[in-house]
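Chemist: This structure is in structure tokens; I'll ask about it shortly.
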Amino acid sequence: MGSAAAARIGYNVRPMSRYYDLHSHSLASDGTLSPTALVQRAAAAGVDVLALTDHDDTSGIVEARQAAAQAGITLVAGVEVSVTWGRQTIHLVGLNIDIDYAPLQAGLARSRDYRNWRAGEMGRRLAKHGIEGAYAGAMARAHGRIISRTHFAQFLAENGHAESVRAVFHSFLKPNKPGYVPGEWATLEEAVSWINGAGGQAVIAHPARYTMTASKRRKLLQEFVALGGAGLEVVSGSHSRGDNFSMAQLAKNFGLLASAGSDFHGPENPWVELGRLQTLPDGCNAIWQDWQFDACGTRRAAS
-9 MGSAAAARIG YNVRPMSRYY DLHSHSLASD GTLSPTALVQ RAAAAGVDVL
41 ALTDHDDTSG IVEARQAAAQ AGITLVAGVE VSVTWGRQTI HLVGLNIDID
91 YAPLQAGLAR SRDYRNWRAG EMGRRLAKHG IEGAYAGAMA RAHGRIISRT
141 HFAQFLAENG HAESVRAVFH SFLKPNKPGY VPGEWATLEE AVSWINGAGG
191 QAVIAHPARY TMTASKRRKL LQEFVALGGA GLEVVSGSHS RGDNFSMAQL
241 AKNFGLLASA GSDFHGPENP WVELGRLQTL PDGCNAIWQD WQFDACGTRR
291 AAS
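FYI, the numbering used here numbers position 274 of the sequence shown as 264, with every residue one higher than the one before it.
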């Protein structure tokens, strides 16, 4: 899709400006494209600045950087960290991180260990429900260091237990469903400290997806800001247009920068695609407003 057509539809494209997509996944976690293929798809879709934010893993960043240099786009080193807050799982995206920061890598390794234990437990629970081979099937679909719920969903959908990956989550992997295992992730304080310590900016991912009361959401944002959180993913591939405006107002109310990310996992999910994000609502302060990049496309501190 050309930039002119995208602008008419209201996507996040403006003449003579960069197009940012700051939330995407590769085979290093639960995406279905290699880091190279992901970057190439982003470039073909008109994305100028792409963040690779795999779940609890940064192993795809080096390959993605090399591919971005060849494709002529900027790659932002990122990660998506799972957090347990108020008995609920919240995701934080860390942008512009130093992937060699030891405390961050130690925390991510701990999360990966838990993910792999959880995968085994999910397989056991699904087997008790009469679905054999789910763990082996999920493992066969995992090309990185983690086995995620998405890999289980792919196996279950492909074997006829639900009509789509999305339907699997509702039927098997949500609370009170056969394959659900409660998360026991990092605390909000830990995750923000890892990201900030790595020189990055912490962003609450797809905030409209979390089922919580308005007062609980305010409490989350208050704690996040107090801990040094930087931004809110105002525009997301899973948000409606109304969600975007609601999240924009929350970002303004709490003094948070606004981010935009598709949460792209692969072409198998046509409802979420690279290069099709709507514009940030008016009045938002974009998280990238002060970013500067060197000749190699690496972000450096603003002078």
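Idealized CB from N, CA, C, for every residue including glycine.
1) Would you call the CB atoms of Ala250 and Leu85 closer than 8 Å?
2) Which residues does DSSP list as the beta-bridge partners of Ala10?
3) Return the CA-CA distance between Gly169 and His15, expressed in angstroms with no decimal places.
4) With DSSP run on the structure shown, which of helix, strand or coil describes Leu222?
5) Under 8 Å, do Gln95 and Ala57 count as touching if we go by C-beta distance?
6) For Leu267, which three-state DSSP category applies?
7) For Leu211, collect the residues of the same chain with a Cβ closer than 6 Å to its Cβ; drop the 5 residues on either side in sequence, then sort them by chain order.
8) Just how far apart, CA to CA, sit Gly36 and Leu28?
9) Given a cut-off of 8 Å, decide if Thr48 and Ile89 are closer than it, judged by their beta-carbon atoms.
10) Would you report the Cα separation of Phe159 and Ala143, rounded to the nearest angstrom?
11) CB Ala33 to CB Ala59, shorter than 8 Å?
12) Using the Cβ count rule (16 or more neighbours within 10 Å means buried), how would you classify Phe254?
13) How many angstroms separate the CA atom of Met202 from the CA atom of Ile80?
14) Can you tell me which residues form a DSSP beta bridge with Ile194?
15) Grab the span of the beta strand (DSSP E) containing Thr74 for me, first residue to last.
16) Just grab the DSSP bridge partners of Gln30 for me.
17) Could you round the C-beta distance between His151 and Ala198 to whole angstroms and report it? I think they count as a contact, below 8 Å.
18) I'd like to confirm the pairing. Which residues does DSSP put opposite His45 in its beta bridges?
19) Is there contact between the segment 127 to 141 and the segment 103 to 110, where contact requires at least three CB pairs shorter than 8 Å?
Modeler: In short, the structure shows the following:
1) Counting from 1 along the sequence shown, the entry for residue 250 is found at position 260. Counting from 1 along the sequence shown, the entry for residue 85 is found at position 95. Cβ atoms of Ala250 and Leu85: not closer than 8 Å.
2) Against the sequence shown, residue 10 aligns to sequence position 20. It is Tyr, not Ala, that sits at residue 10 in the sequence shown. DSSP output for Tyr10 lists Val39 as bridge partner(s).
3) Residue mapping note: residue 169 aligns to position 179 of the sequence shown, counting from 1. Residue mapping note: residue 15 aligns to position 25 of the sequence shown, counting from 1. The alpha-carbon atoms of Gly169 and His15 are separated by roughly 23 Å.
4) Reading the sequence shown from its first residue, position 232 is the one you call residue 222. Strand.
5) As a working note, residue 95 is residue 105 in the sequence shown. As a working note, residue 57 is residue 67 in the sequence shown. No; because the gap between Cβ atoms is not below 8 Å, this pair is not in contact.
6) By one-based count along the sequence shown, residue 267 stands at place 277. When DSSP states are grouped into helix, strand and coil, Leu267 belongs to the coil group.
7) The residue labelled residue 211 in the question sits at position 221 within the sequence shown. Scanning its chain for C-beta atoms nearer than 6 Å, with the 5 sequence neighbours on each side dropped, one finds around Leu211 the residues Phe244, in chain order.
8) Sequence index remark: in the sequence shown, residue 36 carries index 46 (1-based). Sequence index remark: in the sequence shown, residue 28 carries index 38 (1-based). Between Gly36 and Leu28, the alpha-carbon positions lie close to 13 Å from each other.
9) Residue mapping note: residue 89 aligns to position 99 of the sequence shown, counting from 1. Residue mapping note: residue 48 aligns to position 58 of the sequence shown, counting from 1. Ile89 places its beta carbon less than 8 Å from that of Thr48.
10) Start at 1 with the first residue of the sequence shown, and residue 159 comes out as number 169. Start at 1 with the first residue of the sequence shown, and residue 143 comes out as number 153. So the two alpha carbons sit approximately 7 Å from each other.
11) As a position in the sequence shown, residue 33 is number 43, starting the count at 1. As a position in the sequence shown, residue 59 is number 69, starting the count at 1. Going by C-beta atoms, Ala33 is not nearer than 8 Å to Ala59.
12) The sequence position of residue 254 within the sequence shown is 264, counting from 1. Burial call: buried.
13) Position 212 of the sequence shown, counting from 1, holds the residue named residue 202. Position 90 of the sequence shown, counting from 1, holds the residue named residue 80. Here the alpha carbons of Ile80 and Met202 stand approximately 11 Å from one another.
14) Position 204 of the sequence shown, counted from the start, is the residue given in the question as residue 194. Under DSSP, Ile194 forms a beta bridge with Leu82 and Leu222.
15) Within the sequence shown, the letter at position 84 stands for residue 74. Run containing Thr74: Thr64 to Trp75, per the beta strand (DSSP E) assignment.
16) Here residue 30 corresponds to residue number 40 of the sequence shown, with the count starting at 1. Bridge partners of Gln30: none, in fact.
17) Walking along the sequence shown from the start, residue 151 turns up at place 161. Walking along the sequence shown from the start, residue 198 turns up at place 208. So it is not a contact: roughly 28 Å between Cβ atoms.
18) Position 55 of the sequence shown, counted from the first residue, corresponds to residue 45. Listed as beta-bridge partners of His45 by DSSP are Glu70.
19) Touching, per the Cβ criterion.
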